[in-house]
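One structure below.
Number of protein chains: 2
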Amino acid sequence: MDPIQFTDLMELADIIAERLGNPITIEDQHHQVVAYSIHGETPDPVRIETIMKRKVPETVLARFWKAGVIQSLMHSDQPVRIPSIQELGLGNRIAISIRKGTEVLGYIWVQETGRPLVEEDYGILRWAARLAMPRLLQKRDRYIKKEENKKALFWQILSGNCSLDEIHQEAATLSIYFPPYMVVVAGEIKCKENQWLSIQKELDYLLENLKETTPFSFLPLWVYDEKQCIILGGAKKMDGLEEEAGSFLMWLNNRFSVGKGIQIKTGGFGSVVNNILDIPRSYRQSLEVIEIKNSMPGEIEDIYGYHKLGFFRYFPVMKALNQEEGYSNVQLQRLVRYDQENHGNLLETLAVFLDHGGRVNQTSEILHIHSNTLHYRIKKIEEIGKIDLGEPLNRATIYMELKLNKYGK
Amino acid sequence: MDPIQFTDLMELADIIAERLGNPITIEDQHHQVVAYSIHGETPDPVRIETIMKRKVPETVLARFWKAGVIQSLMHSDQPVRIPSIQELGLGNRIAISIRKGTEVLGYIWVQETGRPLVEEDYGILRWAARLAMPRLLQKRDRYIKKEENKKALFWQILSGNCSLDEIHQEAATLSIYFPPYMVVVAGEIKCKENQWLSIQKELDYLLENLKETTPFSFLPLWVYDEKQCIILGGAKKMDGLEEEAGSFLMWLNNRFSVGKGIQIKTGGFGSVVNNILDIPRSYRQSLEVIEIKNSMPGEIEDIYGYHKLGFFRYFPVMKALNQEEGYSNVQLQRLVRYDQENHGNLLETLAVFLDHGGRVNQTSEILHIHSNTLHYRIKKIEEIGKIDLGEPLNRATIYMELKLNKYGK
DNA sequence: CCATTCTTTGTGGATTCCCACAAAGGCTAG
DNA sequence: CTAGCCTTTGTGGGAATCCACAAAGAATGG
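So the sequences go chain by chain: A and B.
To convert, take the position in the first sequence, counting from 1, and add 20; that gives our numbering.
To convert, take the position in the second sequence, counting from 1, and add 20; that gives our numbering.
Following this line, the structure appears as structure tokens:
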């Protein structure tokens, strides 16, 4: 292709537009409009909105994401054809990623309203993408620096050892706004070691570019840590923020599991705080939710909020106390020993029985035993373990110790 | 009375015996035999055993204590007449305390086997008691020093900041033996401020002189603190030591409440330890039992052992966690608010209901309401508090939070 | 004052729980 | 092999629970 001179990307856009006979938009990696050609034909509504707001509407992006368009663009250096979507006012488009190696720096979009593109035009697009690359590289470097600073700031906040003044100052320079009420959400991602980096990029993309479509009103900061993604969400009002956090995790999982087998393994969020200095607590709590859920599979699958944990919330401190004192419940020990010596299943029976609130029918059905067998075992449990299940305090205690035992492993 | 010369208390004993025409024993404040007269008549079995072991048998002392004899001697400077107790092989006796001011240093015992004492003899006894006092004073000073050292040692052990070597060395010089298994018992005494000192003396007496009659095999150390009595009990075997600790508290209460209105308010004991360095833990636990029992009157009146506390055991750490996080259960809050606004009693209803394991009949009977009223309230509770009492986890959680709330105040 | 809502009490029937007793299957030791 | 113990299953009756519906009393606000 011919060598060519252009002073800025606007000029380049015009040149490409002329050659392809179609309007052009050049966007950076966050779909912010960097340049666009002079309109030849009537632009479609999306093009108008994109140029006016200098950013592709998030609804459109979300739709593209769902359809796998963005993913194709990110993983390929070839032009990708996007059929028109009538309901969004979106005509036919062809796009290509601007990239350096495997890293995507931006996109060139062709609005196919002039003439249909042919195979030869794809070569022009590839050539244009190469030309645009150096300019976007500069932008990217500045952006990455800022992103790194944001992540550093969030880590500083999460670690909890810095003053409010420092935080506010740094936040101001990074133009970050902290909403009045905030909550820390943590998600643990299930993936292979070598996938983790690319997943981070994907998440970055999601959180940066689809902010508006998340259940959160504000989404100022997020970081990654050992297959975990830690996110600060916020709102102007306290009401409903916990619900938003819950649906945010679902949102993340939905966006995420598209295509590959990657999924959020577990997720959790801490309590709502209205002070930046309380964020570390919310963070700790979100991690505790994950830890507890991981240690007790099947107990609280559908609980994500720290305050919905019920008595599980106390398990870490209870476990710590027990370790310090070398405590282990004698009554349960007796049952375990009996089970081992006699091939029994008293412990399991007790667990299921208590898990169903002492309802004989349900329990016996689940264990596939006769209700009288259950009665017999219960009596046995009370006798062997020296447990009085009739006493509510005892019953609650033994129920909790049982769960705590499970957690302790 | 005549001035008289005697080189030691043995000589004095002989002099008194001669004047009274009866055998004499002089004992220190711990009923250890300091001197005795040459036997005139045939000594009764108790006298023989007393002199041979150089100490009054504890069974006899316990009997005297029960009968209030010791108390009379301690609180009066007059001779006290003790009728014979056939079953213990105990003839008639008269005794008088040897005292300096209000402090008892020892006793003179007259075995009334020669001739019956008359009023005039009482004067001789009082005179003899005055004569014996200075010698016993020396003994007492040495004893008190030792007792103080013992108490200091125990405090050192309880505080937990001293090495095992230091402890063993000090224990050796004080000739204290630590049994293989030990437990700390704490009792809180209900008394007026000005009684506390004399109660300490009484307790000292009990623990020093009636060691053998306590349920504990070993009772090496004890101290006092702010109306609390902290006692180290022990045994050579682990089995049954907790039971012994429980009955020790009952024993103490029985001995103690004789006569005056003084009583053990609450008591508790920690876990059994087999290492001196673990004693502080057992101590902390015993205090926690007392604290928990005090904060929740009516819940666990008949529990004294730390490990019998059930989930109450975790309350201190749970409370600490809640305070740190500023947590308070929303569901219970809603009920409290409703009760306040509508003169309701949902919270009380819930508490009683859960305390009786969800048994409708018992609960409604206790609350003096119709069982359908109870049903109505339960539904109301679930509705107002947004609590699903059908779910065992929720139910256990709310039960525990309810108790924790009570404890938290 | 009345109307409305909240709360309590009453009735009745389907279901479940609790318990005692009996019988049968399985495992182990002599 | 058999006796003895542990475990499971079956039967049945009395008590308690759960639930729906109805009516009466108490409290509240207009």
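Idealized CB from N, CA, C, for every residue including glycine.
Report yes if the C-beta distance between residue i and residue j is below 8 Å; otherwise report no.
i, j, result
"Ile35/B", "Ile128/B", "no"
"Gly126/A", "Leu156/A", "yes"
"Val372/B", "Ile389/B", "no"
"Arg449/B", "Thr369/B", "Outside the displayed span of chain B (21 to 429) sits residue 449/B, for which this structure offers no information."
"Gly288/A", "Ile320/A", "no"
"Gly41/A", "Gly143/A", "no"
"Ala255/B", "Ser267/B", "no"
"Leu341/A", "Asn425/A", "no"
"Gly290/A", "Val380/A", "no"
"Pro412/B", "Asp375/A", "yes"
"Leu307/A", "Arg275/A", "no"
"Gln49/A", "Val124/A", "yes"
"Asn294/A", "Pro200/A", "yes"
"Pro103/B", "Leu145/B", "no"
"Ile299/B", "Met153/B", "no"
"Asp141/B", "Arg119/B", "no"
"Lys430/B", "Leu137/B", "Because chain B here runs from 21 to 429, residue 430/B falls outside it and cannot be looked at."
"Cys211/A", "Ile282/A", "yes"
"Gly428/A", "Lys313/A", "no"
If contacts are defined as beta-carbon pairs under 8 Å, then residue i and residue j qualify, I think. What distance do you get, rounded to the angstrom?
i, j, result
"Arg354/B", "Ile404/B", "6 Å"
"Leu81/A", "Asn229/A", "6 Å"
"Phe198/A", "Ala191/A", "7 Å"
"Val76/A", "Phe174/A", "With 8 Å as the limit, Val76/A and Phe174/A do not qualify as a contact, their Cβ atoms being about 26 Å apart."
"Thr286/B", "Glu361/B", "Wrong, their Cβ atoms sit about 37 Å apart, outside the cutoff."
"Leu32/B", "Ala148/B", "7 Å"
"Val292/B", "Glu246/B", "That pair is no contact at about 25 Å."
"Ala265/A", "Gly330/A", "That pair is no contact at about 18 Å."
"Gln52/A", "Arg83/A", "The pair is not a contact, with the Cβ atoms about 18 Å apart (cut-off 8 Å)."
"Ile394/A", "Glu402/A", "Note that residue 394/A is Leu in the sequence shown here, rather than Ile. The pair is not a contact, with the Cβ atoms about 13 Å apart (cut-off 8 Å)."
"Gln131/B", "Asp64/B", "7 Å"
"Leu108/A", "Thr79/A", "7 Å"
"Ala55/B", "Ile46/B", "4 Å"
"Val350/B", "Leu367/B", "Rounded, the Cβ-Cβ distance is 14 Å, inconsistent with contact."
Look up residue i in the DSSP assignment and give the residues it is bridged to.
i, result
"Val203/B", "Gly253/B"
"Glu208/A", "Gln248/A, Thr286/A"
"Leu110/B", "Ile105/B"
"Ala55/A", "Ile46/A"
"Lys75/B", "Gln52/B"
"Ser117/B", "Tyr127/B"
"Val66/B", "According to DSSP, which records beta bridges pairwise, Val66/B is partnered with nothing at all."
"Val100/B", "Ala115/B"
Quick check: the region 102-115 of chain B against the region 208-221 of chain B, are there 3 or more CB pairs under 8 Å? no
Only counting runs of 3 or more residues, tell me where the beta strand (DSSP E) segments fall wholly within the region 283-329 of chain A, in order along the chain. 283-289
Give a yes or no on contact between the region 299-311 of chain A and the region 172-181 of chain A, applying the rule of three or more CB pairs nearer than 8 Å. yes
Would you say the region 82-94 of chain A touches the region 55-71 of chain A, given that touching needs at least three Cβ pairs under 8 Å? no
Mind pulling the beta strand (DSSP E) runs of 3 or more residues that sit fully within the region 350-396 of chain A? none
Count Cβ pairs between the region 322-342 of chain A and the region 332-343 of chain B that sit closer than 8 Å; are there 3 or more? yes
What ranges does the beta strand (DSSP E) occupy inside the region 210-247 of chain B, keeping only unbroken runs of at least 3 residues that lie completely in it? 238-245
Per the contact definition of three or more C-beta pairs closer than 8 Å, is the region 160-173 of chain B in contact with the region 258-265 of chain B? no
Residue ranges of each alpha helix (DSSP H) run of no fewer than 4 residues wholly in the region 141-209 of chain A, ordered along the chain? 184-193
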